[in-house]
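Structure first, commentary second.
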Amino acid sequence: MLMANNNITERNNSMYEKKQKTVESPDLTKMQEVVIDRRTKIYIAISADPEEARTRYLSRPGSKKL
């Protein structure tokens, strides 16, 4: 009986084990920085147009106009 209780306890514990989340950040050295204002900077692909990125960022709802 004791052996059966241990097996049940092991199964219950394994149900609640949490897996670590792996979050990988982009490598900022492979991106170019676009300054929106003195407090805001965004990073885009090196091949992207900085002026287009700035206008797209400023056209978002809720963004402050300069």
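Numbering (our numbering), first residue to last: 1086 to 1151.
For every residue, glycine included, the Cβ atom is placed at its ideal position computed from N, Cα and C.
Just so we're clear, the structure is a prediction, and the values are computed from it rather than from any experiment.
- In chain order, K1126, I1127 and Y1128 place their CB closer than 8 Å to the CB of E1118, counting only its own chain and leaving out the 5 sequence neighbours on each side.
- For A1133, the closest alpha carbon among the candidates K1115, K1103, S1110 and S1148 is that of K1115.
- A distance below 6 Å between beta-carbons, with the five flanking residues on each side excluded, links A1138 to the following residues of its chain, in chain order: V1119 and I1129.
- In the same chain as L1113, and ignoring 5 residues on each side of it, the C-beta atoms closer than 8 Å to its own belong to Y1128, in chain order.
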